[in-house]
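Numbering (my numbering), first residue to last: 5 to 416.
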Ligand code: ADP
Ligand code: ASP
Ligand code: MG
């Protein structure tokens, strides 16, 4: 079995969906499970619906626009009289009636029930289009296979149950399913975190003991930096799982950071390739002798710099760290970088769920703090120590760290 993943950019309009068929034509479609994300920016749009629902604003018009976006794509792929239109309408009726009936005040729960629809609709459209383009496939509801706990918006995978479910599938068939979505023990939908479709592909690859996995992107592969941000970047043709996991962890958004671990566990060869030019080799990630360790650049935006000092000039000790980290856990704030000195702890924090103000407020009971929001974490992998000076030029550096072969700077 091999696993393919097509992200939002690869199915953003009718032409792109047709291009997916061209990729399959080039690659062959046999014993393949295809994971599909929501189309274009649908997830952002559905997030707005949920936000407006909770803010008691009018969200109906937004639903209507998202529906129209999908109907327009379908018009470019299917004749006028086609069952897919009724299916699209049904999905949106379901969102609407769910929100009307909903009594749960749990934002994250409601978010998952609504935002997951982007993947449901997208996978239906792609599956039906491929079926009519000689790429016969069975549509799967990923929620019947990937089981998680009930941490809505960031489900924690139950690997044993998930693997057992996936093993029941007939590996001689072709499947199309959704990225990003799973379900809990009561079969409520749980999402795996934004950009989680790469991770879904890895979960299926793990469950199938797949022979390989490929994620199809709008770039030639993993490069030495995001080509949208950095000039003169080059393609990494072959890197280790470790290098890829480090790059993804530091913020190279071309691969979701959770993707690597399941693949590494089973040594599944992993490719990142361009859906615009599928015959190009792309990046191979795995255990190879020719793995490259080139200087690479990663910029992670929307970070928070926080300096925490003891109020009484006492040392930052284990009990302080315990208190600070318990609060980070409570507010689901992630540490991107940290460093401590005698009386202060400096942190670079990622606050996906918008709790930084409450966190800092709680800290004030025992600590003094200095918070600078909207900073970036700049990381250089495999840095040439001899030439690090150039990275400091014209930068306001709040915090820096050089460890092994990685330079990291929090910059304002
Ligand atoms: P998907 O369509 O699967 O959601 P993404 O948009 O999440 O794909 O990922 C592809 C994008 O990742 C590229 O368009 C590029 O801007 C960005 N990117 C970030 N870091 C890198 C890197 N090191 N190499 C290639 N692309 C990168
Ligand atoms: N559609 C989801 C998102 O935009 C998951 C994904 O694309 O990977 O975050
Ligand atoms: Mg994406």
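Note that CB positions come from ideal geometry on N, CA and C, so glycine has one too.
The ligand MG heavy atom lying under 7 Å from the CB of residue 494: With the chain represented from 5 up to 416, any question about residue 494 goes unanswered, as that position is not in the structure.
Reference residue 75, options 63, 95, 59, 64, closest by Cα: Within the chain shown, residue 75 is the residue found at index 71, counting from 1. When only C-alpha atoms are compared, the closest one is 95.
Any non-hydrogen atom of the ligand MG within 7 Å of residue 12 CB: Here residue 12 is taken as the residue at index 8 of the chain shown, counted from 1. Yes - the ligand MG has a heavy atom lying nearer than 7 Å to the Cβ of residue 12.
Residue 155 (DSSP reduced to helix, strand or coil): Taking the first residue of the chain shown as position 1, residue 155 is located at position 151. Coil, per DSSP.
Nonlocal neighbours in the same chain, by C-beta distance under 7 Å from residue 340, ignoring five residues either side: Along the chain shown, read from residue 1 onward, the residue named residue 340 stands at position 336. Listed in chain order, the non-local C-beta contacts of residue 340 below 7 Å within the same chain comprise 304, 307, 352, 353, 354, 381, local neighbours out to five positions each way being set aside.
Sequence-distant residues of the same chain with beta carbon closer than 7 Å to residue 416, five excluded per side: Here the question's residue 416 lines up with position 412 in the chain shown. 376, 379, 400, 402.
Supposed contact pair residue 183 and residue 40 - C-beta distance, whole angstroms, cut 8 Å: Along the chain shown, read from residue 1 onward, the residue named residue 40 stands at position 36. Along the chain shown, read from residue 1 onward, the residue named residue 183 stands at position 179. Rounded, the Cβ-Cβ distance is 6 Å, consistent with contact.
Cα-Cα separation, residue 245 to residue 165: In the chain shown, the residue the question calls residue 245 occupies position 241. In the chain shown, the residue the question calls residue 165 occupies position 161. Rounded to the nearest angstrom, the two C-alpha atoms are 25 Å apart.
For residue 393, three-class secondary structure by DSSP: One-based indexing of the chain shown puts residue 393 at position 389. Residue 393 carries a helical assignment under DSSP once its states are collapsed to helix, strand and coil.
Start-to-end residues for the beta strand (DSSP E) that takes in residue 2: No statement about residue 2 is possible, as the shown extent of the chain runs from 5 to 416 and does not include it.
6 Å CB neighbourhood of residue 144 in its chain, flanking five on each side removed: By 1-based counting over the chain shown, the position of residue 144 is 140. Cβ neighbours of residue 144 beyond the five flanking positions: 179, 181.
heavy atom of the ligand MG below 7 Å from residue 199 C-beta: Residue mapping note: residue 199 aligns to position 195 of the chain shown, counting from 1. Under cutoff, so the answer is yes.
Option in 5, 255, 297 with minimal Cα separation from residue 408: Reading the chain shown from its first residue, position 404 is the one you call residue 408. Of the listed residues, the one whose Cα sits closest to residue 408 is 297.
Test item: CB-CB of residue 219 and residue 34 under 8 Å: Counting from one through the chain shown, the residue named residue 219 turns up at place 215. Counting from one through the chain shown, the residue named residue 34 turns up at place 30. Not closer than 8 Å, so no.
Beta-carbon proximity check, residue 217 vs residue 7, cutoff 8 Å: Looking up residue 217 in the chain shown gives position 213. Looking up residue 7 in the chain shown gives position 3. Contact flag set, yes.
Inside the stretch 171-252 only - beta strand (DSSP E) runs reaching at least 3 residues: 179-182, 185-187, 193-195, 216-221
Length at least 4, wholly inside the stretch 312-349: the alpha helix (DSSP H) runs in chain order: 322-334
Limits of the unbroken beta strand (DSSP E) element including residue 263: Looking up residue 263 in the chain shown gives position 259. No beta strand (DSSP E) contains residue 263, which DSSP labels as neither H nor E.
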